[in-house]
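Numbering (this note's numbering), first residue to last: 5 to 493. The C-beta atom is built at its ideal place from N, Cα and C for all residues, glycine as well.
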Ligand SMILES: Cc1ncc(COP(=O)(O)O)c(C=O)c1O
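Below is the structure:
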């Protein structure tokens, strides 16, 4: 192992600043001196001095040979990759690059239907054709879980010409599928496994968490270092293994989706976040898991609230769980998730990570202590004591109990062609047979019913109508009432 206590990029930046050089280079604010006071007041001078630019001694993100290369090599060493790359355009940028690496125009890529929009974005940019796998749905929670190994096998059997399979590990709500088994199945077909591990840069640091994708044998992985561990917002890592992917192409694609002027403070934050995980990761993540489990236990004692846990393990699509994601189902209080979110924010000054129709999600990370967790539990206890109305969720429940979620529609043109083609708005009720040019998703469970390039069927129109009648939240279409829909002209 390399010396993981080192932070080569931050060290090079500090050396440059301490040398008191006269900077005739970007950024134009020249270490803060030219900056308006309104901004200078916000950012400490020490930080402004470190807002530096590409130069020989600070290296070039796109052709690294110096401190950025050393910092990336340390990340690869820690996570067990052949190569790791710093990304300052979020995991979104990493996912674009990964998809562009394995698929070009007309190539098929197998992806879960509940993919994050960055995956659909990558598919649009590449011109690839998505083959969707339906994830399992937990009707009690109204949440999409993982895709099963069986769903992956079936997609591969039906599309043996696919160029790769993309898996989410774990979902936003912390649910992981049997990734090792999936990797074996996909590799058996000789193609790579790409993993959206936006929510998994910490998995390696606790044996109680799902296996991280690289350890399960995945070929390319993007992790949001900023979401879960200590880097600044926008900072992610892409890791890869040689063999099934072309590393020079991955490098070229990372160049394509990122600025030629990456922010050095962001890059340094990746360097430091990696060092922090290498030197203290186990202790910090184990503590976060303990805190989250403690919260889960206390929340489950509160009448009207439910925080799912071990009892869901073994259900379809639920192989293991990231315990640091604390999902609280509030429908027992007669509240929708968004209502509980507002109450918590304004009455208790507690902000959730997200809410959906039935649930609110809290992230417990290395930044939390017992104090925050106690405040959270106290707020939930008080909210539950003061809101115990009933609400009729039976319309939603009966739809999902019937389990009639329609299969993905026929993909007639690529999402890219649908997006860039001539489009027009037509009444949704008359749209059967037309090609959709936008995404239509209902929550719960947040699995798109229509994606760009898909043929709209009467079955889908009728099903959307039922969901609208039940009052489900629509996301995606330009006309959020779905009276009209954008189609390819
Ligand atoms: C599952 C998943 N993948 C990818 C992303 C994109 O990550 P980023 O916000 O770092 O671009 C997100 C963001 O929420 C996500 O939840």
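Smallest Cα separation from residue i: which of the options?
i, options, result
"residue 495", "436, 108, 229, 325", "Since the first and last residues shown for the chain are 5 and 493, residue 495 lies out of range."
"residue 400", "143, 8, 197, 114", "143"
"residue 202", "215, 173, 196, 194", "173"
"residue 246", "224, 237, 263, 259", "224"
"residue 113", "99, 296, 133, 102", "133"
"residue 169", "409, 457, 197, 374", "197"
"residue 66", "487, 32, 268", "268"
"residue 377", "387, 386, 366", "366"
"residue 88", "54, 162, 339, 218", "218"
"residue 411", "8, 139, 212", "139"
"residue 462", "185, 433, 439", "433"
"residue 272", "222, 74, 22", "74"
"residue 199", "297, 96, 128", "96"
"residue 447", "141, 77, 91", "141"
"residue 388", "373, 413, 340", "340"
"residue 466", "486, 451, 477, 12", "486"
"residue 128", "423, 477, 48", "423"
For a test of your reading of the model: does the CB of residue i fall under 6 Å from any non-hydrogen atom of ligand 1? Yes or no.
i, result
"residue 4", "Look at the range of the chain in this structure, 5 to 493, and you will see that residue 4 is not part of it."
"residue 94", "yes"
"residue 441", "no"
"residue 228", "yes"
"residue 200", "yes"
"residue 176", "yes"
For residue i, I'd like the list of residues in its chain whose CB is within less than 8 Å of its CB, leaving aside the five on either flank, ordered along the chain.
i, result
"residue 189", "153, 156, 157, 160"
"residue 34", "27"
"residue 442", "454, 456, 480, 481, 482, 489, 490"
"residue 44", "36, 52"
Considering residue i, what are the terminal residues of the beta strand (DSSP E) in which it resides?
i, result
"residue 118", "That residue, residue 118, is in no beta strand (DSSP E); it is neither H nor E in DSSP."
"residue 484", "Run containing residue 484: none; DSSP gives neither H nor E here."
"residue 87", "87-91"
"residue 134", "133-137"
"residue 364", "363-367"
Spatial neighbours of residue i within its chain, please: C-beta separation below 7 Å, excluding the five flanking residues on both sides.
i, result
"residue 289", "206, 209, 210, 370"
"residue 345", "356, 359, 364"
"residue 470", "403"
"residue 20", "56, 61, 62"
"residue 311", "300, 303, 304, 330, 331, 332"
"residue 231", "202, 203"
"residue 336", "308, 309, 310"
"residue 383", "348, 352, 354"
"residue 131", "108, 109, 110, 418, 420"
Taking residue i as part of the alpha helix (DSSP H), name the residues at either end of that continuous run.
i, result
"residue 229", "229-232"
"residue 329", "Note, residue 329: premise wrong, no alpha helix (DSSP H); beta strand (DSSP E) at 329-333."
"residue 189", "183-192"
"residue 350", "341-352"
"residue 427", "Looking at the DSSP string, residue 427 is not in any alpha helix (DSSP H); the run it does join, the beta strand (DSSP E), is 427-431."
"residue 267", "Careful: residue 267 lies outside any alpha helix (DSSP H) and carries neither H nor E."
"residue 211", "Run containing residue 211: none; DSSP gives neither H nor E here."
"residue 26", "No alpha helix (DSSP H) contains residue 26, which DSSP labels as neither H nor E."
"residue 419", "419-424"
"residue 472", "462-473"
"residue 381", "374-390"
"residue 360", "Looking at the DSSP string, residue 360 is not in any alpha helix (DSSP H), and its letter there is neither H nor E."
"residue 316", "Here residue 316 belongs to no alpha helix (DSSP H), and DSSP marks it neither H nor E."
"residue 216", "Premise fails: residue 216 is in no alpha helix (DSSP H) and is neither H nor E."
"residue 18", "12-22"
"residue 77", "71-83"
By Cβ distance, which residues of its chain are closer than 6 Å to residue i, with the 5 residues on each side in sequence left out?
i, result
"residue 437", "none"
"residue 182", "153, 323"
"residue 39", "33"
"residue 394", "338"
"residue 58", "64"
"residue 282", "8, 82"
"residue 258", "89, 101"
To which residues does DSSP link residue i through a beta bridge?
i, result
"residue 246", "Partner(s): none; residue 246 has no beta bridge."
"residue 445", "452, 479"
"residue 162", "Note: residue 162 sits in no beta bridge, so no partner."
"residue 170", "198"
"residue 310", "333"
"residue 63", "59"
"residue 490", "429"
"residue 240", "91"
"residue 142", "147"
"residue 112", "133"
Is residue i near ligand 3, in the sense that its beta carbon is under 6 Å from a heavy atom of that ligand?
i, result
"residue 23", "No copy of ligand 3 appears in this structure; the ligands present are ligand 1."
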